[in-house]
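This report concerns only the one structure given below.
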Amino acid sequence: MDKQYTFSLEELAFLLNYKDNQAFAKSLLQIVYDELKETETEKIFLTAAHSLLARNLITFDEQKQEVFPKPDVEILFNIFNRPSISILLQKIDFQNDITITGNIYNQGDFNISYQSTNGIVHTIKNLSDYELYTEAKNLLQIEIEKQNINIDLEETLPNHVVQEIGNLITLSIEEGKNILIENGVKPSHAEVFLNDIKTTKSIYSVMRLDTQGNGEVISDKGFFIIETAQTQWILSQLDDSTIFGLSQLNDNVAFTLSQLSNTNFENRMKALFIS
428 MDKQYTFSLE ELAFLLNYKD NQAFAKSLLQ IVYDELKETE TEKIFLTAAH
478 SLLARNLITF DEQKQEVFPK PDVEILFNIF NRPSISILLQ KIDFQNDITI
528 TGNIYNQGDF NISYQSTNGI VHTIKNLSDY ELYTEAKNLL QIEIEKQNIN
578 IDLEETLPNH VVQEIGNLIT LSIEEGKNIL IENGVKPSHA EVFLNDIKTT
628 KSIYSVMRLD TQGNGEVISD KGFFIIETAQ TQWILSQLDD STIFGLSQLN
678 DNVAFTLSQL SNTNFENRMK ALFIS
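Counting from 428, one number per residue, gives the positions in the sequence shown under our numbering.
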């Protein structure tokens, strides 16, 4: 299997439609096309098929008069369509007012990543287990920096405070401090954290998506990173799913459950792949 595949929007929609994922195929086409008639969609798919044939990604069976994805592409789209595990990665960049998303999918011994930064070109990569964590950081466009806030800050926050973290950024220091203290944070730690997140540049989230028996998709496993002008903070889920750990993102700390480094980033990612 090749390491990386790049598809146009139309090629990806064609392959998804072939794999009986018409809903996703239709949503992709709607990115650039208005409401399409069936004949118009057929023309788009025909053009996409010719392109994929020219790139040797599908074959044409003259007897059956049908096209078939090459075996490697078939494997790729089997994972893409029905992964055993699906991880959603997102970066909200407040400075540039953009949102970046990517996905990592797992099925048995296979891992792939998927990302489209412009909605037109779509990239799918075949990953080894050892490449998962580097690729996760690539999809997030994050680098773990040396911290500028020299404080051994480690606290726990209940889930409802984490969900409202955006509001803490907009509140006055005193108001935010009261909320954190009420939820068990040391006053000195609360003040340091609140002063720092006033300069938030980006917020990252890494969440596992699980589909329930009724078709509902839930995302109750994961972690968040807040990147400010001074440092990076990790909100990582503890065993109690209603509590999150708050610590600095640091390459050179003595690692605990709630602190993150490159090594611990991998550990938090690894936990998302455990059923």
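Positions of the beta carbon are idealized from the N, C-alpha and C atoms, including for glycine.
Threonine 658: buried (16+ other C-beta within 10 angstroms of its C-beta) or exposed?
buried
Could you please give the first and the last residue of the uninterrupted alpha helix (DSSP H) stretch that includes asparagine 538?
From DSSP, asparagine 538 is part of no alpha helix (DSSP H) but of the beta strand (DSSP E) over 537-542.
For a test of the three-state rule: what should DSSP assign to glycine 672, helix, strand or coil?
Reduced to three states, the DSSP call for glycine 672 is strand.
Using the beta-carbon count (16 or more within 10 Å), is asparagine 444 buried or exposed?
buried
Can you tell me which of the three DSSP states phenylalanine 718 falls into?
Not covered by the structure: residue 718. The range shown for the chain is 428 to 702.
Paired residues, beta bridge with arginine 635 - DSSP:
Answer by DSSP bridge pairing, in chain order: Ile514 and Lys648.
How would you write the range of the beta strand (DSSP E) that glutamine 659 sits in, first residue to last?
659-664
C-alpha distance - phenylalanine 682 paired with glutamate 501, whole-angstrom precision
With a pLDDT of 23 at phenylalanine 682, under the threshold of 50, the predicted position of this residue should be treated as unreliable, though the coordinate-derived value follows. Looking at the two C-alpha atoms, the distance is approximately 41 Å.
Measure the alpha-carbon distance for threonine 550 versus leucine 479 and round it to whole angstroms.
15 Å
Validate contact between the stretch 490-498 and the stretch 447-457 using beta carbons, cut 8 Å, 3 pairs:
Verdict: no, contact absent.
For aspartate 623, count neighbouring C-beta atoms within 10 Å of its own C-beta (all shown protein chains included) and say buried if the count is 16 or more, exposed if not.
buried
For glycine 529, write down the residues that DSSP places opposite it in a beta bridge.
Leu516
Own chain partners of proline 510 with C-beta closer than 7 Å, once the 5 adjacent residues on each side are dropped
Tyr532, Asn533 and Gln534
So lysine 628 and threonine 655 are in contact, right, with Cβ under 8 Å, and what is the actual spacing, rounded?
6 Å
So if DSSP puts proline 498 in a beta bridge, which residue, or which two residues, is it bridged to?
In the DSSP output, where bridge partners are listed per residue, proline 498 has none listed.
Just to confirm the assignment: which complete beta strand (DSSP E) runs, minimum length 3, are found wholly within the stretch 557-625?
581-585
Using the three-state DSSP reduction, which class does asparagine 553 fall into: helix, strand or coil?
strand
Indicate the three-state DSSP secondary structure (helix, strand or coil) for glutamate 643 in the structure shown.
coil
Please name the residue in Asn641, Gln639 and Val633 whose C-alpha comes closest to that of glutamate 662.
The residue asked about is misnamed: residue 662 is leucine in this sequence, not glutamate. Of the listed residues, the one whose Cα sits closest to leucine 662 is Val633.
So threonine 597 and leucine 673 are supposed to be a Cβ contact under 8 Å. How far apart are they, rounded?
Between leucine 673 and threonine 597 the Cβ distance is about 18 Å, and since that is not below 8 Å, they are no contact.
Straight-line CA distance for isoleucine 471 to glutamine 542?
Across the structure, isoleucine 471 and glutamine 542 are spaced so that their CA atoms are roughly 22 Å apart.
Bridge partners of threonine 486, per DSSP?
Phe495
Pick helix, strand or coil for lysine 628, following the three-state DSSP scheme.
strand
Could you tell me which residues DSSP pairs with glutamine 449 in its beta bridges?
Per DSSP, none; premise fails for glutamine 449.
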